[in-house]
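Residue numbers (this note's numbering): 10 to 432.
Even for Gly, the Cβ is constructed at its ideal location relative to N, Cα and C.
Worksheet: the structure to be examined is printed underneath.
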Amino acid sequence: MTDGAFYRAMMRWHFYAGIIVLPILALMAVTGALYLYKPEMEAFLYPVEIAAKPGVPMLPPARLIAAVEQASGEQATQITHPASPSQSWRVTTKGADGVATVHFVDPHDGRLLGVMQGGGLMKTIKDLHSLALTGAVGNRLVEVVAGWAILLCITGLYLRWPRRGQPAIAIRGGVKGRLFWRDLHGTLGFLSAGVILFLAITGMPWTDVWGGGLRAVVAANDWGRPKMAVIPWTAPAKDALPWTLREGGATPGAAGDIGVDAVADIAAKRGLADGYQIILPASPGAAYLVVTLVTRADDSRAITIDAASGAVVQDMDWRMFGPGAKAVEWGIATHQGQQYGEVNRLLMLAGCVCLLALCLTAPVLWWKRRKQGRLTAPPRAIGRAERVVVATMLLLGALFPLTGLSMIVALAGEWLFGKIRPA
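Quick look at the structure:
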């Protein structure tokens, strides 16, 4: 098995991986870059920022909820106490149609400053990024794409790795030549492969099949959370929980309600002065849930409070997470550019920009390499090299079942095409 044959086999897989996922990767790159700046975009679009009023007391949460419910005619489901005193509070209500509305409220006088329907623009961008707009099919497609993106990074690094005097980082030739575009694509890929690979792997926990299986394993082995009654939370409580806590639930209590103000006092006594959400009980006997607004993974904390007695049923924080859960939560926070501040966000942004550039340069490079006016795939490396690479790719696919299944489909399609028209 020669290095040249192995190279051709890897090139062919790299080519087909790109053909399969390039448009969706481009969409993810754009939406991912935009979502990194969610706080700034929401502050621009909605009345998030307010004039700070030092010394002016804030109204209790119950007064803010009452003002919103009276004005909207809808029942509140949660209230958000921001981390900054220069930001408005948010009260979320749910209408008869089930659509959530966020109401921005001045905590000093209870004035309603504006609304955000259905999660607003950033929810749309997030749904585009995760393909949630297409439902379960889109979520599974994300898993397939993420797996192929991992394959693209591995094969791309191999193809660009320095050998026989060929540099990994170089831009040569003129813009009209194929060498320029090959170097541009290869250099960008070599420099950004680590970040793109990280984004693909840390994006997997959000998927239903692979991510759902991982959550189940983490929960079953107590790697992610302390013991708790397995009574599923309903949205929006479930969505507010840290990723590794979403398989659990809250212990039901007796009828009664101490009120949201008492819950806020309990949270303050436990060290949560600001930067948290209070999820209101959805039914009699249900508990209050207080969840921190997570920036860093180790900010994760969820407090369950019995609505009738005010007893703290459970207080979970980062220190109680198992090593598996800590790894996943850290990966998610870093993926979203939050764990290490602005440097983290800029690095993830660079990954998104490079990914988009790779998606744009790949078709140009393919066009430049056409022969006799025809666009064709790289030549096959028939023999042992091809079999070794196929086996390696399928082993990788076994780690991500939906991607592996799509690989088998791709191989079957290539075999069928070869029967019709020899490569």
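Beta-carbon proximity of residue i to residue j, cut-off 8 Å
{"i": "Pro387", "j": "Phe24", "result": "yes"}
{"i": "Gly104", "j": "Glu78", "result": "no"}
{"i": "Gln96", "j": "Ile134", "result": "no"}
{"i": "Phe189", "j": "Gly198", "result": "no"}
{"i": "Glu395", "j": "Ala18", "result": "yes"}
{"i": "Met402", "j": "Trp170", "result": "no"}
{"i": "Val218", "j": "Ala71", "result": "no"}
{"i": "Met125", "j": "Tyr44", "result": "no"}
{"i": "Phe113", "j": "Val65", "result": "no"}
{"i": "Ala35", "j": "Leu365", "result": "yes"}
{"i": "Asp283", "j": "Ala92", "result": "yes"}
{"i": "Ala26", "j": "Val204", "result": "no"}
{"i": "Thr40", "j": "Leu137", "result": "yes"}
{"i": "Leu121", "j": "Ala76", "result": "yes"}
{"i": "Thr102", "j": "Thr86", "result": "yes"}
{"i": "Thr301", "j": "Leu281", "result": "yes"}
{"i": "Arg149", "j": "Leu411", "result": "yes"}
{"i": "Ala421", "j": "Gly413", "result": "no"}
{"i": "Leu54", "j": "Gly127", "result": "no"}
{"i": "Asp231", "j": "Gly331", "result": "yes"}
{"i": "Glu338", "j": "Ala306", "result": "yes"}
{"i": "Ile163", "j": "Ala419", "result": "no"}
{"i": "Thr304", "j": "His194", "result": "no"}
{"i": "Gly392", "j": "Ala14", "result": "yes"}
{"i": "Arg279", "j": "Asp308", "result": "no"}
{"i": "Leu161", "j": "Gly119", "result": "no"}
{"i": "Val362", "j": "Ala158", "result": "no"}
{"i": "Leu166", "j": "Met20", "result": "no"}
{"i": "Arg187", "j": "Arg328", "result": "no"}
{"i": "Val299", "j": "Val272", "result": "yes"}
{"i": "Pro214", "j": "Ile341", "result": "yes"}
Boundaries (first-last residue) of the alpha helix (DSSP H) holding residue i
{"i": "Ala311", "result": "No alpha helix (DSSP H) holds Ala311; the beta strand (DSSP E) holding it covers Arg310 to Ile314."}
{"i": "Arg396", "result": "Arg393 to Leu408"}
{"i": "Gly340", "result": "Pro332 to His344"}
{"i": "Thr133", "result": "Gly129 to Ser139"}
{"i": "Ile180", "result": "That residue, Ile180, is in no alpha helix (DSSP H); it is neither H nor E in DSSP."}
{"i": "Glu58", "result": "Taken as a continuous stretch (DSSP letters only), Glu58 belongs to no alpha helix (DSSP H), as it is neither H nor E."}
{"i": "Asp283", "result": "Per DSSP, Asp283 belongs to no alpha helix (DSSP H) and is neither H nor E."}
{"i": "Met67", "result": "Here Met67 belongs to no alpha helix (DSSP H), and DSSP marks it neither H nor E."}
{"i": "Met50", "result": "Lys47 to Leu54"}
Under the three-state DSSP convention, the category residue i falls into
{"i": "Arg172", "result": "strand"}
{"i": "Lys185", "result": "coil"}
{"i": "Trp232", "result": "coil"}
{"i": "Met237", "result": "With a pLDDT of 47 at Met237, under the threshold of 50, the modelled position of that residue is not reliable, and no figure is offered here."}
{"i": "Ala432", "result": "For Ala432, the pLDDT reaches just 46, beneath the cut-off of 50, and the residue's location in the model is therefore unreliable, although a value from the coordinates is still provided. Reduced to three states, the DSSP call for Ala432 is coil."}
{"i": "Gly27", "result": "helix"}
{"i": "Arg354", "result": "helix"}
{"i": "Tyr349", "result": "coil"}
{"i": "Asp106", "result": "coil"}
{"i": "Thr304", "result": "coil"}
{"i": "Pro214", "result": "helix"}
{"i": "Ala264", "result": "coil"}
{"i": "Gly413", "result": "helix"}
{"i": "Asp118", "result": "coil"}
{"i": "Gly144", "result": "coil"}
{"i": "Pro94", "result": "coil"}
{"i": "Ser201", "result": "helix"}
{"i": "Pro372", "result": "helix"}
{"i": "Lys293", "result": "First, the amino acid is wrong: residue 293 is Pro here, not Lys. Note: Pro293 maps to coil in three-state DSSP."}
{"i": "Ala158", "result": "helix"}
{"i": "Ala244", "result": "Reliability of the predicted coordinates at Ala244 is poor, the pLDDT of 49 falling under 50, and no value is obtained from them."}
{"i": "Met10", "result": "With a pLDDT of only 46 at Met10, under 50, the local geometry of the prediction cannot be trusted, and no value is derived from it."}
{"i": "Pro387", "result": "coil"}
{"i": "Ala225", "result": "helix"}
{"i": "Ala317", "result": "coil"}
Beta bridge counterpart(s) of residue i as assigned by DSSP
{"i": "Gly123", "result": "Phe113"}
{"i": "Ile288", "result": "Gln87 and Leu298"}
{"i": "Gln79", "result": "The partner list for Gln79 (beta bridge, DSSP) is empty, contrary to what the question assumes."}
{"i": "Val100", "result": "Ile88 and His112"}
For residue i, the first and last residue of its enclosing beta strand (DSSP E)
{"i": "Gln323", "result": "Val321 to Asp326"}
{"i": "Arg378", "result": "Note, Arg378: premise wrong, no beta strand (DSSP E); not H, not E."}
Integer Cβ distance of residue i from residue j, believed to fall under 8 Å
{"i": "Ile178", "j": "Leu200", "result": "7 Å"}
{"i": "Asp274", "j": "Ala316", "result": "Not quite, the Cβ-Cβ distance comes to about 14 Å (not below 8 Å), so this is no contact."}
{"i": "Arg99", "j": "Val108", "result": "Their Cβ separation, rounded to whole angstroms, is 16 Å, which puts Arg99 and Val108 out of contact at 8 Å."}
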